[in-house]
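Encoded as structure tokens, the structure appears first; notes follow it.
Number of protein chains: 2
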Amino acid sequence: MTSIDLSEDPLALDRQVCFALSVASRSVIAIYRPLLEPFGLTHPQYLVLLALWERSPRSVRDLGQTLRAEPATLSPLLKRLEALGYVSRQRSASDERALAVSLTAKGRRLRREAEKIPYRVVERLGMEVAELEQLHAVLTRVIEATR
Amino acid sequence: MTSIDLSEDPLALDRQVCFALSVASRSVIAIYRPLLEPFGLTHPQYLVLLALWERSPRSVRDLGQTLRAEPATLSPLLKRLEALGYVSRQRSASDERALAVSLTAKGRRLRREAEKIPYRVVERLGMEVAELEQLHAVLTRVIEATR
DNA sequence: GTCTAATAGTTAGTGTACTAATTGATAGGG
DNA sequence: CCCTATCAATTAGTACACTAACTATTAGAC
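Chains as they are written, first to last, in this note's numbering: chain C, 1136 to 1282; chain Y, 1136 to 1282.
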């Protein structure tokens, strides 16, 4: 295991967890890109669909809290998902301020296709599932720590 | 430790390593934001300075390989760093195609101030250094796996 | 019941990321 | 020597991500 000696050079690039995090994030998202491209989806859009497959309809606020995304980010993203035909957007009947984002039939159908994606990503990574579980656990701790 | 049962729902949001990675990356970068703001820097700009503090001048190509960034991303970013007065940009004498990106005196002076940043981030995270080292090691393995 | 504060989304502006096309410079083959 | 393929950087176009300002609606205080 690589040892990080903070007493030496605290600014050494190859010691920065923030650098490793952003490179790893972008690199893993890059693995999804060719898998999502046939559906016309970006990775953030895919995450929104994951949330909607768990529950639909959902408000922008709810999606934002679940995905840790700003409403200002979601608003145009959801319009693009609507233009692709995967979701519909309509004001909530009970509260005209809130938007009800729902899966369309096309959006629900997509789930079957998408189920193959996680396996392909793990295969492409070629890492042990146990190691990915460990990574997930540490990342969850980091996310908790940043709140 | 959280267990990820891939045999159950492969699309469950709270199991996705990609989601945890992107949230963790954004959350950690958010910790840097108030620390970098006094210098007018963004996190990607800070990473470029880390690279230049290790060696200067460097070409756009060299910076791109080191930081895993596209030249199309670096090109405007470097102009902003120049506008801030931290770097200078001039064509290489030996090869007119290449750009020599150098630290200015102001850019070199900034290093002293920046040395406090990693400690403040670790303090703010409130995690054990050992755990961050472990995270760094796993991330490095992920980055290797994506190449 | 009205008036104000809070809430849900949207819009605008800046700064990455990424792809593809473009410009200018260099190097090698003939 | 020239001609073409390659290379370094830039530009254009799309899509987040974040802050701040704005609009429309709702809820609470009185």
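Don't be surprised by glycine CBs; every beta carbon is placed ideally from N, CA and C.
Check, Outcome
"Would you list, in sequence order, the uninterrupted beta strand (DSSP E) runs of no fewer than 3 residues that lie entirely inside the segment 1183-1268 of chain Y?", "1222-1226 and 1234-1238"
"DSSP state of C:Gln-1180, grouped into three classes?", "helix"
"Identify which residue in Y:Tyr-1167, Y:Leu-1198, Y:Thr-1281 and Y:Arg-1232 has its Cα closest to the Cα of Y:Tyr-1254.", "Y:Tyr-1167"
"Kindly indicate which three-state DSSP category C:Asp-1144 falls into: helix, strand or coil?", "coil"
"Between the alpha carbons of C:Tyr-1221 and C:Pro-1192, how many angstroms are there, rounded?", "12 Å"
"Are the CB atoms of C:Val-1256 and C:Val-1158 nearer to each other than 9 Å?", "no"
"Could you compute how far the alpha carbon of C:Leu-1245 sits from the alpha carbon of Y:Pro-1211?", "38 Å"
"Using a Cβ cut-off of 9 Å (strictly closer), state whether C:Pro-1145 contacts chain Y.", "yes"
"Go ahead and pull the three-state DSSP assignment for Y:Met-1136.", "Caution applies to Y:Met-1136, whose pLDDT of 47 falls short of 50 and renders its modelled position unreliable; the model cannot decide the point."
"Can a CB atom of chain Y be found closer than 9 Å to the CB of C:Glu-1172?", "no"
"Given 8 Å as the limit, is there contact between the segment 1193-1202 of chain Y and the segment 1224-1243 of chain Y, that is, 3 or more CB pairs closer than that?", "yes"
"For a cutoff of 9 Å on Cβ pairs, would you count C:Gly-1261 as touching chain Y?", "yes"
"By the 10 Å Cβ neighbour count, where 16 or more other Cβ atoms means buried, how is Y:Thr-1208 classified, buried or exposed?", "exposed"
"Can you look up C:Asp-1149 in the DSSP assignment and give me helix, strand or coil?", "helix"
"Using only the alpha-carbon positions, how far apart do Y:Leu-1141 and C:Leu-1270 sit?", "The predicted position of Y:Leu-1141 is uncertain, since its pLDDT is 47 and thus under 50; no value can be drawn from it."
"Name, please, each residue of chain C whose Cβ falls closer than 8 Å to the Cβ of Y:Arg-1276.", "Met-1262 and Glu-1266"
"Please list the partners that Y:Gln-1180 has in chain C, where partner means a Cβ-to-Cβ separation under 8 Å.", "In chain order: nothing, as chain C lies at least about 13 Å away."
"Strictly under 9 Å for the Cβ-Cβ distance: is C:Tyr-1221 near chain Y by that measure?", "no"
"Would you kindly check if the distance between the Cβ of Y:Ala-1280 and the Cβ of C:Leu-1093 is under 9 Å?", "Since the displayed chain C opens at 1136 and closes at 1282, residue 1093 of chain C lies outside it and no answer follows."
"Keeping to the same chain, check which residues put their C-beta closer than 6 Å to that of C:Ser-1223; ignore five residues upstream and five downstream.", "Ser-1237 and Thr-1239"
"Mind checking if C:Pro-1253 is an interface residue toward chain Y, Cβ cutoff 9 Å exclusive?", "yes"
"Starting from the beta carbon of Y:Leu-1270, find every residue of chain C whose beta carbon is closer than 9 Å, and list them in chain order.", "Val-1152, Ala-1155, Leu-1156, Leu-1270, Val-1273, Leu-1274, Arg-1276 and Val-1277"
"Hey, out of Y:Val-1183, Y:Trp-1188 and Y:Leu-1219, whose CA is closest to Y:Ile-1206's CA?", "Looking at the sequence shown, residue 1206 of chain Y is not Ile but Pro. With distances taken between Cα atoms, Y:Pro-1206 lies closest to Y:Val-1183."
"Let me know the secondary structure DSSP gives Y:Arg-1282 once reduced to three states.", "coil"
"Is there a Cβ of chain C sitting closer than 9 Å to that of Y:Arg-1193, yes or no?", "no"
"If Y:Leu-1274 sits next to C:Ala-1155, beta carbons under 8 Å apart, how far is it from one beta carbon to the other, in whole angstroms?", "4 Å"
"State the Cα-Cα distance for the pair C:Phe-1174 and C:Pro-1145, rounded to the nearest angstrom.", "43 Å"
"Report the neighbours of C:Val-1163 on chain Y: residues whose CB is nearer than 8 Å to its CB, in chain order.", "Val-1152, Cys-1153, Leu-1156, Val-1277 and Thr-1281"
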